[in-house]
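Participant: Here it is: the structure, laid out below.
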Amino acid sequence: MDIQNVIQSACAKAVETLYGAQVGAEQLQLQKTKKEFEGHLTLVVFPLLRISRKKPEDTAQEIGQWLADNEPAVEKFNVIKGFLNLSVATTSWTRLLNTIAQTADYGTVKPTAQSPLVMIEYSSPNTNKPLHLGHVRNNLLGWAISQILEGAGNRVVKTNIVNDRGIHICKSMLAWQRWGKGETPESSGKKGDHLIGDYYVAFDKHYREEVSTLFAQYKAEGLDEEAAKAKAEKEAPLIKEAHEMLVKWEQNDPEVRALWKKMNEWVYAGFDETYKALGVSFDKIYYESDTYLVGKAKVEEGLQKGLFTRHDDGSVWADLRPEGLDEKLLLRSDGTSVYMTQDIGTAKLRFDDYPINKMVYVVGNEQNYHFKVLSILLDKLGFEWGKDLVHFSYGMVELPNGKMKSREGTVVDADELISEMISTARQTSEELGKFADMSAEEKDEIARIVGLGALKYFLLKVDARKNMLFNPEESIDFNGNTGPFIQYTYARIRSVLRKAKEAGIDFGSEVSKSTPVNEKEQNLIQHLAEFPAVIQQAATEYSPSTIANYCYDLVKEYNQFYHDYTILGESNEEKRQLRLVLSEQVSNIVRTGMRLLGIEVPERM
RNA sequence: GUCCCUGUAGUUCAAUGGAUAGAACAGCAGUUUCCUAAACUGCUGAUUUGGGUUCGAUUCCCAGCGGGGAUACCA
400 MDIQNVIQSA
410 CAKAVETLYG
420 AQVGAEQLQL
430 QKTKKEFEGH
440 LTLVVFPLLR
450 ISRKKPEDTA
460 QEIGQWLADN
470 EPAVEKFNVI
480 KGFLNLSVAT
490 TSWTRLLNTI
500 AQTADYGTVK
510 PTAQSPLVMI
520 EYSSPNTNKP
530 LHLGHVRNNL
540 LGWAISQILE
550 GAGNRVVKTN
560 IVNDRGIHIC
570 KSMLAWQRWG
580 KGETPESSGK
590 KGDHLIGDYY
600 VAFDKHYREE
610 VSTLFAQYKA
620 EGLDEEAAKA
630 KAEKEAPLIK
640 EAHEMLVKWE
650 QNDPEVRALW
660 KKMNEWVYAG
670 FDETYKALGV
680 SFDKIYYESD
690 TYLVGKAKVE
700 EGLQKGLFTR
710 HDDGSVWADL
720 RPEGLDEKLL
730 LRSDGTSVYM
740 TQDIGTAKLR
750 FDDYPINKMV
760 YVVGNEQNYH
770 FKVLSILLDK
780 LGFEWGKDLV
790 HFSYGMVELP
800 NGKMKSREGT
810 VVDADELISE
820 MISTARQTSE
830 ELGKFADMSA
840 EEKDEIARIV
850 GLGALKYFLL
860 KVDARKNMLF
870 NPEESIDFNG
880 NTGPFIQYTY
890 ARIRSVLRKA
900 KEAGIDFGSE
910 VSKSTPVNEK
920 EQNLIQHLAE
930 FPAVIQQAAT
940 EYSPSTIANY
950 CYDLVKEYNQ
960 FYHDYTILGE
970 SNEEKRQLRL
980 VLSEQVSNIV
990 RTGMRLLGIE
1000 VPERM
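Numbering-wise (the working numbering), the first sequence opens with residue 400 and increments by one.
Listed below in structure tokens is the structure:
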């Protein structure tokens, strides 16, 4: 059915007939013809020269001639150097468009009960501060990759592991006790996560004051720069007190636990708002306070089996030097767990809860080493998917003046960013006069969809592995390769389709096979037909940007088409039919593509 | 020190080993009796350096230079 496949096998047959050799798919490089040349598909004949034993031009000429004579889908051909450009017959295009139009959710594959079960972990916040731009990238990538994998035919379980315990929480708790005067989200009017974040910052401010005082003192006592700094950081009363609090927490001290619980609830309420605004959700949430003990047990088990070793001071280690890595700590000498221990525990709980075939961790690239180690450890401990767990490793978001540091206040807050995007979208819409005849609710909804679309697309169109730059003043644009550009084209197509309906034009979803198809229309149909392959590629490479860039290219091509031809005003009925069906399919695919990225599209804007 | 990622127009990003390296933004010049001008058209402008593999290298390999990260009894 698919033209690419038809021609590919025809090429194979041509080579076999002409030169008497079987060729594999690797030697038959069939690609889309570049814009400057005539044709739709191009066969690169260089790899075939060894078989044909002829010059590139002659080889291409012979194969082209054979195809034109024997393959009805090939209408004509031309040869430029080693490139054989093939033009596909008109009827093939109308047939292809009809196939696309009659397939629901063209490009996606529905998961079945037998499909692989993939678990995706993303977000994974600490509960001591609000979400920032880095988390936004994580959440959007996690959501998008979930949708893409599902669209490619996998069963997907989305999970979140909340880092709800540890020294960082104690810092906020201590600061709140010390300076909070009983402040709550209700009394202060602040979102819970922001309230707690403020106390985290307060802790750090006071802590640094203590450190600098002590530092001066130790230096006066004759310690050198480095030793004085290290000692001051360790001996500052505030940090010692925070550590004491952590110990109390581990010992289940009722007062500490109650405070911890109360403050975490505030934070969760705040996070939920942010998640909702971003449009992300989870099927199952794990809490580190539940998993760390499981991890400790699992490590003890590994110790029994002789996988790990205990040092004299009581600490437990995994020796990964045979694998070319270092020794890795799993339990501290005081018996408490570390990050790695908790991830092992979480893995066990997950495996108990779901029969997963594959595990994907959406975590920043600063933790590449951690996941390399985790993979080896899980494999040793007998988790089937441990060895080929996927660390979906994404790059940092950088600001024009460097990295984001929460303690230095150089962060871009998620909530603030979202509301700024929305209000910018609103302002732009107003300036362009888009809101003229809309209700207040409709205005709100469109500003929200467009503002978030701009943000999401901006973060998703970039190769996830790469660090990216975010300039708060300039970065987010509404023109060019942006979310709103795509949304706008979608809305305009929908408007045309509405108008067609109002005019009583019933264009159905099938075009007559004999309808003439011009070059721009052929190119658009060809573009649409690539969508299934694009989804599969995005899924196997874990690459949302592939879909984002595909949608942009498609929309850009449609815009040129839209500008050059009339649709409703077309006098030839068959032709009008073709253009309407084509437009509708472009909008359908754009909508599906955007859905896979977690971006909404408006019916009007 | 060792390991990993990364280097493309002024800027932000593209390019399964294929043709003259694509867009967008910024800049300059145009297009609206026509279905939404958040659009369309034109001009200017780039592969960090040196080797290697190949018919062909932005892409693969080696070395140098630049940027980021990891190597914590932090998470």
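Note that the Cβ used here is the ideal one computed from N, Cα and C, for glycine as well.
If you're wondering where the values come from, they're calculated on a predicted model, not measured in any experiment.
Could you check the C-alpha separation between Asp671 and Leu816 for me, to the nearest Å?
Facilitator: Indexing the first sequence from 1 puts residue 671 at position 272. Indexing the first sequence from 1 puts residue 816 at position 417. Roughly 16 Å separates the two Cα atoms.
Participant: With a threshold of 7 Å on Cβ separation, who are the neighbours of Ser514 within its own chain once the five nearest residues in sequence on each side are excluded?
Facilitator: Here residue 514 corresponds to residue number 115 of the first sequence, with the count starting at 1. So the qualifying residues of the chain are Gly552, Asn553 and Arg554.
Participant: Which complete beta strand (DSSP E) runs does the region 526-569 hold, if anything under 3 residues is left out?
Facilitator: Counting whole runs of 3 or more residues, the region 526-569 contains the beta strand (DSSP E) stretches 554-561.
Participant: Which of the three DSSP states is assigned to Phe877 in this structure?
Facilitator: As a first step, residue 877 is located in the first sequence; it is residue number 478 there, counting from the start. Note: Phe877 maps to coil in three-state DSSP.
Participant: Which same chain residues, not among the five before or five after Ile1029, have their C-beta less than 7 Å away from its C-beta?
Facilitator: The question about residue 1029 has no answer here: the residues shown for the chain are numbered 400 through 1004.
Participant: For Tyr674, count neighbouring C-beta atoms within 10 Å of its own C-beta (all shown protein chains included) and say buried if the count is 16 or more, exposed if not.
Facilitator: Translated into positions along the first sequence, residue 674 becomes position 275. Answer is buried; the Cβ neighbour count reaches 16.
Participant: Alpha carbon to alpha carbon, how far is Thr735 from Ala574? Give it in angstroms, no decimals.
Facilitator: Mapped onto the first sequence, residue 574 falls at position 175. Mapped onto the first sequence, residue 735 falls at position 336. C-alpha separation (whole angstroms): 24 Å.
Participant: So Ile966 packs on Leu979, CB below 8 Å; how close in whole Å?
Facilitator: Counting from one through the first sequence, the residue named residue 966 turns up at place 567. Counting from one through the first sequence, the residue named residue 979 turns up at place 580. Between Leu979 and Ile966 the Cβ distance is about 6 Å, and since that is below 8 Å, they are a contact.
Participant: Of all the options Val422, Ser486 and Gln464, which has the alpha carbon lying nearest to the alpha carbon of Gln403?
Facilitator: Start at 1 with the first residue of the first sequence, and residue 403 comes out as number 4. Checked all of Val422, Ser486 and Gln464; the closest Cα to Gln403 is Ser486.
Participant: Taking just the CA atoms, how far does Tyr617 sit from Pro754?
Facilitator: Your numbering for residue 754 matches position 355 in the first sequence. Your numbering for residue 617 matches position 218 in the first sequence. Cα to Cα, Pro754 sits roughly 56 Å from Tyr617.
Participant: Would you call the region 756-764 in contact with the region 699-719, where contact means no fewer than 3 C-beta pairs closer than 8 Å?
Facilitator: Short answer: they don't touch.
Participant: Go ahead and label Pro529 buried or exposed: buried means 16 or more other beta carbons lie within 10 angstroms of its beta carbon, across all protein chains shown.
Facilitator: As a first step, residue 529 must be located in the first sequence, where it is residue number 130. With 16 or more Cβ atoms within 10 Å of its Cβ, Pro529 is classed as buried.
Participant: With respect to the beta strand (DSSP E) encompassing Glu1024, which residues constitute its N-terminal and C-terminal limits?
Facilitator: A query on residue 1024 cannot be resolved here, the shown segment of the chain reaching from 400 to 1004 and no further.
Participant: Ala696 to Leu748, Cα distance in whole Å?
Facilitator: Taking the first residue of the first sequence as 1, we reach residue 696 at position 297. Taking the first residue of the first sequence as 1, we reach residue 748 at position 349. Those two C-alpha atoms are separated by around 12 Å.
Participant: Buried or exposed: Leu854, going by 16 or more other Cβ atoms within 10 Å of its Cβ?
Facilitator: Translated into the one-based positions of the first sequence, residue 854 becomes position 455. Counting Cβ neighbours within 10 Å, Leu854 comes out buried, since at least 16 surround it.
Participant: What residues in its chain sit with their C-beta under 6 Å from that of Lys842, if we drop five residues either side in the sequence?
Facilitator: For the purposes of this step, residue 842 is taken as residue 443 along the first sequence, with counting starting at 1. Cβ within range, chain order: Phe834.
Participant: CB-CB under 8 Å to Leu896, same chain, minus the five flanking residues each way: which ones, in chain order?
Facilitator: Here residue 896 refers to the residue found at position 497 of the first sequence. Taken in chain order, the residues that qualify are Leu979, Ser982, Glu983 and Ser986.
Participant: Return the CA-CA distance between Thr914 and Glu972, expressed in angstroms with no decimal places.
Facilitator: On the first sequence, residue 914 is found 515 positions in, with the first residue counted as 1. On the first sequence, residue 972 is found 573 positions in, with the first residue counted as 1. Rounded to whole angstroms, Thr914 to Glu972 spans 10 Å at the Cα level.
Participant: Quick check for students: name the residue ranges of the beta strand (DSSP E) that lie wholly in the region 743-785, counting only runs of 3 or more.
Facilitator: DSSP runs (the beta strand (DSSP E)) wholly in the region 743-785: 757-763.
Participant: Count the C-beta pairs between the region 528-544 and the region 650-660 that are closer than 8 Å, then say yes if the count reaches three, no if not.
Facilitator: Too few Cβ pairs lie closer than 8 Å, so no.
Participant: Given a cut-off of 8 Å, decide if Gln741 and Gly701 are closer than it, judged by their beta-carbon atoms.
Facilitator: As a working mapping, residue 701 is identified with position 302 in the first sequence. As a working mapping, residue 741 is identified with position 342 in the first sequence. Cβ distance not < 8 Å, so Gly701 and Gln741 don't count as in contact.
Participant: To which residues does DSSP link Trp465 through a beta bridge?
Facilitator: Working through the first sequence from its first residue, we reach residue 465 at position 66. Note: Trp465 sits in no beta bridge, so no partner.
Participant: Taking Cβ to Cβ, would you say Ile730 is nearer than 8 Å to Val679?
Facilitator: Sequence index remark: in the first sequence, residue 730 carries index 331 (1-based). Sequence index remark: in the first sequence, residue 679 carries index 280 (1-based). Just to set this straight, residue 730 is Leu in the shown sequence, not Ile. Cβ atoms of Leu730 and Val679: not closer than 8 Å.
Participant: What separation, rounded to the nearest whole angstrom, lies between the Cα atoms of Phe482 and Glu456?
Facilitator: Start at 1 with the first residue of the first sequence, and residue 482 comes out as number 83. Start at 1 with the first residue of the first sequence, and residue 456 comes out as number 57. So the alpha carbons of these two residues sit roughly 8 Å apart.
Participant: Secondary structure at Leu485, three-state DSSP: helix, strand or coil?
Facilitator: Here residue 485 refers to the residue found at position 86 of the first sequence. Looking at Leu485 - three-state DSSP - the assignment turns out to be strand.
Participant: With a threshold of 16 other CB atoms inside 10 Å of the CB of Gly705, please say whether the residue is buried or exposed.
Facilitator: Translated into the one-based positions of the first sequence, residue 705 becomes position 306. Its Cβ having fewer than 16 others within 10 Å, Gly705 is exposed.
Participant: Using a Cβ-Cβ cut-off of 7 Å (strictly less than) and excluding sequence neighbours within five positions of Glu359, which residues of its own chain qualify?
Facilitator: There is simply no residue 359 to check, as the chain begins at 400 and stops at 1004 in what is shown.
Participant: Is it right to say Lys580 is buried, meaning 16 or more other beta carbons lie within 10 angstroms of its own, or is it exposed?
Facilitator: Taking the first residue of the first sequence as position 1, residue 580 is located at position 181. So Lys580 counts as exposed.
Participant: Just the Cα atoms here: how many angstroms apart are Thr690 and Lys633?
Facilitator: Within the first sequence, the letter at position 291 stands for residue 690. Within the first sequence, the letter at position 234 stands for residue 633. Between Thr690 and Lys633, the C-alpha separation is close to 28 Å.
Participant: Let's see if you can read the secondary structure: which residues bound the alpha helix (DSSP H) around Ala503?
Facilitator: Numbered from 1 along the first sequence, position 104 holds the residue referred to as residue 503. Ala503 -> no alpha helix (DSSP H), and no H or E assigned at all.
Participant: Identify whether Tyr685 lies in helix, strand or coil by the three-state DSSP scheme.
Facilitator: In the first sequence, counting from the first residue as 1, residue 685 sits at position 286. In the structure shown, Tyr685 sits in a strand (DSSP, three-state: E or B).
Participant: Please determine, among Leu466, Ile406 and Gln430, the residue with the shortest C-alpha to C-alpha distance to Leu417.
Facilitator: Position 18 of the first sequence, counting from 1, holds the residue named residue 417. Of the candidates Leu466, Ile406 and Gln430, the one whose C-alpha sits nearest the C-alpha of Leu417 is Leu466.
Participant: Since Ile519 sits in a beta bridge, which residues does DSSP pair it with?
Facilitator: Translated into the one-based positions of the first sequence, residue 519 becomes position 120. Paired residue(s): Lys557 and Val759.
Participant: When DSSP labels each residue in this structure, what does Asn948 get in the three-state scheme?
Facilitator: Locating residue 948 in the first sequence gives position 549, counting from the first residue. If DSSP states are grouped into helix, strand and coil, Asn948 belongs with the helices.
Participant: Measure from the alpha carbon of Ser894 to the alpha carbon of each residue in Val414, Asn663 and Tyr961, then state which is nearest.
Facilitator: The sequence position of residue 894 within the first sequence is 495, counting from 1. The residue with the shortest Cα to Cα distance from Ser894 is Tyr961.
Participant: Out of Met820, Ser571 and Leu692, which has the shortest C-alpha to C-alpha gap to His593?
Facilitator: Translated into the one-based positions of the first sequence, residue 593 becomes position 194. Comparing Cα-Cα distances from His593 to each of Met820, Ser571 and Leu692, the minimum goes to Ser571.
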